[in-house]
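Chemist: Below is the structure I would like to discuss, written out as structure tokens.
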Amino acid sequence: MVKSKLHVILSAAISIDGKIATYTGDSKLSSKEDSIRLHKLRSKVDAILVGKNTVDRDDPLLTVRHSKGKNPIRIVLDSQGKISQKSKIIKTCKHIPTILAVSKQITKKNFELLKKHPLDIVVCGQSSVNIKSLLKQLESQGITSLLVEGGGTINWEFIKLDLFDEIIITISPFLIGGTNAISFVQGGGFAKIRESPNIKLNSVRRLKNHLVLHYIKV
Ligand SMILES: NC(=O)c1ccc[n+]([C@@H]2O[C@H](COP(=O)([O-])OP(=O)(O)OC[C@H]3O[C@@H](n4cnc5c(N)ncnc54)[C@H](OP(=O)(O)O)[C@@H]3O)[C@@H](O)[C@H]2O)c1
Numbered sequence: 022m023v024k025s026k027l028h029v030i031l032s033a034a035i036s037i038d039g040k041i042a043t044y045t046g047d048s049k050l051s052s053k054e055d056s057i058r059l060h061k062l063r064s065k066v067d068a069i070l071v072g073k074n075t076v077d078r079d080d081p082l083l084t085v086r087h088s089k090g091k092n093p094i095r096i097v098l099d100s101q102g103k104i105s106q107k108s109k110i111i112k113t114c115k116h117i118p119t120i121l122a123v124s125k126q127i128t129k130k131n132f133e134l135l136k137k138h139p140l141d142i143v144v145c146g147q148s149s150v151n152i153k154s155l156l157k158q159l160e161s162q163g164i165t166s167l168l169v170e171g172g173g174t175i176n177w178e179f180i181k182l183d184l185f186d187e188i189i190i191t192i193s194p195f196l197i198g199g200t201n202a203i204s205f206v207q208g209g210g211f212a213k214i215r216e217s218p219n220i221k222l223n224s225v226r227r228l229k230n231h232l233v234l235h236y237i238k239v
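Numbers given in the numbering used here equal positions in the sequence shown, counted from 1, plus 21.
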């Protein structure tokens, strides 16, 4: 397989027990120091990508605020184009370049609604967004680095498809539990440990009570 030129980093703040949110959707796991680190990283990548549920739950801006630097292009995977018109992403897309990746499942009504905004709407995939072809399109637009900020379902897709190069996770000093709380990696999962991608621990950084682990693909 020809290696994609697009460099993909998976990023999340997780609890000690591997959750990225509580069962109610509370995901405030980062510290101030960790937010500064994350925002510095955001300023160094071309684009940042999240799944639709993360937008629904967190209503993120996905900009660089706790550090200086440029905002990356924002990308939301939203097969049916159901993103809320009241979301911060939609409200700010006039000022921050935003790509909405949808599939052919999108209704005409949703498409027309979204077309009213200065968004770049990319249609790829039949039932859900075809991530491989999306990455090819991003590459052809000159995007060379992509920060994937979840959630767990999207992280699984990138891992299952072997479409990442690095993982940066912050282990935050919390224990969350909950069968229905979202983990760093959701989806179907691998049956055997040997199916896990081969990754190597590159560095460990302590930010007070939080640990930032940096893994790279081998
Ligand atoms: N702690 C952290 O660092 C952190 C970071 C991010 C998120 N979070 C938390 O994670 C939670 C959300 O995670 P989540 O796993 O529920 O959802 P998610 O990964 O944010 O989004 C999943 C959704 O993306 C859409 N999608 C589009 N194309 C897809 C594809 N090819 N494959 C899979 N999904 C595709 C699907 O909805 P459609 O079918 O409607 O398109 C799917 O349900 C939230 O509670 C959020 O707070 C935490």
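Using N, Cα and C, we set each Cβ at its ideal position, and we do this for glycine too.
So, under 8 angstroms CB-CB, Lys153 and Leu121 are touching, yes? Tell me the CB distance rounded to an integer number of Å.
Modeler: The sequence position of residue 153 within the sequence shown is 132, counting from 1. The sequence position of residue 121 within the sequence shown is 100, counting from 1. The pair is not a contact, with the Cβ atoms about 18 angstroms apart (cut-off 8 angstroms).
Chemist: Taking the beta strand (DSSP E) that His60 belongs to, which residues open and close that run?
Modeler: Locating residue 60 in the sequence shown gives position 39, where the first residue counts as 1. Note, His60: premise wrong, no beta strand (DSSP E); alpha helix (DSSP H) at 53-65.
Chemist: For a test of your reading of the model: does the CB of Ser105 fall under 7 angstroms from any non-hydrogen atom of ligand 1? Yes or no.
Modeler: Walking along the sequence shown from the start, residue 105 turns up at place 84. Not so, every heavy atom of ligand 1 lies at least 7 angstroms from the Cβ.
Chemist: When we look at the beta-carbon of Ser171 and count the other beta-carbons within 10 Å, is it buried (16 or more) or exposed?
Modeler: Within the sequence shown, the letter at position 150 stands for residue 171. Here residue 171 is Gly; the residue named in the question, Ser, does not match the sequence. Label assigned to Gly171: buried.
Chemist: Compare the Cα-Cα distances from Ala42 to each of Gln207, Lys229, Leu83, Ser224 and report the closest residue.
Modeler: Position 21 of the sequence shown, counted from the first residue, corresponds to residue 42. Here the closest residue by C-alpha is Gln207.
Chemist: Note down, one range per segment and in chain order, each beta strand (DSSP E) of at least 3 residues found wholly within the stretch 112-171.
Modeler: 119-123, 141-144, 166-169
Chemist: Give a yes or no on contact between the stretch 25-32 and the stretch 47-58, applying the rule of three or more CB pairs nearer than 8 angstroms.
Modeler: no
Chemist: Between which two residues does the beta strand (DSSP E) containing Lys221 stretch?
Modeler: Here residue 221 refers to the residue found at position 200 of the sequence shown. That run of the beta strand (DSSP E) goes 220-228.
Chemist: So, helix, strand or coil for Lys40, using DSSP?
Modeler: What you label residue 40 is simply residue 19 of the sequence shown in a count that begins at 1. Three-state DSSP puts Lys40 in a strand.
Chemist: If you compare alpha carbons, which of Pro118, Lys136, Val144 is closest to Lys125?
Modeler: Within the sequence shown, the letter at position 104 stands for residue 125. Measuring from the Cα of Lys125, the nearest candidate turns out to be Val144.
Chemist: Less than 8 angstroms between the CB atoms is what I'm expecting for Ile96 and Ala68, so what's the real figure, rounded?
Modeler: In the sequence shown, residue 96 corresponds to position 75, counting from 1. In the sequence shown, residue 68 corresponds to position 47, counting from 1. Yes, Ile96 and Ala68 are in contact; Cβ-Cβ is about 6 angstroms, under 8 angstroms.
Chemist: Classify Ala212 as buried or exposed, calling it buried when 16 or more other Cβ atoms lie within 10 Å of its own Cβ.
Modeler: One-based indexing of the sequence shown puts residue 212 at position 191. Answer is exposed; the Cβ neighbour count stays below 16.
Chemist: Bridge partners of Ser32, per DSSP?
Modeler: Locating residue 32 in the sequence shown gives position 11, counting from the first residue. In the DSSP assignment, Ser32 is bridged to Ile189.
Chemist: Buried or exposed, going by whether 16 or more other CB atoms sit within 10 Å of the CB of Ile197?
Modeler: Looking up residue 197 in the sequence shown gives position 176. The residue is buried, with at least 16 neighbouring Cβ atoms inside 10 Å.
Chemist: Closest by CA to Gln106, which one among Val76, Ser48, Glu187, Tyr236?
Modeler: Working through the sequence shown from its first residue, we reach residue 106 at position 85. Ranking the options by Cα distance to Gln106, first place goes to Val76.
Chemist: Suppose only complete runs of 4+ residues qualify. What are the alpha helix (DSSP H) ranges in the stretch 68-109, listed by chain order?
Modeler: The qualifying runs are 73-79.
Chemist: Would you check whether ligand 1 has a heavy atom nearer than 7 angstroms to the C-beta of Asn74?
Modeler: Here residue 74 corresponds to residue number 53 of the sequence shown, with the count starting at 1. It does: the Cβ of Asn74 is within 7 angstroms (strictly closer) of some heavy atom of ligand 1.
Chemist: Is the CB-CB distance between Phe205 and Ile190 below 8 angstroms?
Modeler: Here residue 205 corresponds to residue number 184 of the sequence shown, with the count starting at 1. Here residue 190 corresponds to residue number 169 of the sequence shown, with the count starting at 1. At the C-beta level, Phe205 and Ile190 come within 8 angstroms of one another.
Chemist: Let me make sure I understand the geometry here. Which of Val71, Arg63, Ser52, Lys91 has the alpha-carbon closest to that of Lys229?
Modeler: Here the question's residue 229 lines up with position 208 in the sequence shown. For the options Val71, Arg63, Ser52, Lys91, the alpha carbon positioned closest to that of Lys229 is the one of Ser52.
Chemist: Any idea if Leu222 is buried or exposed, counting beta-carbon neighbours within 10 angstroms, 16 or more meaning buried?
Modeler: The count along the sequence shown starts at 1 and reaches residue 222 at position 201. Leu222 should be labelled exposed.
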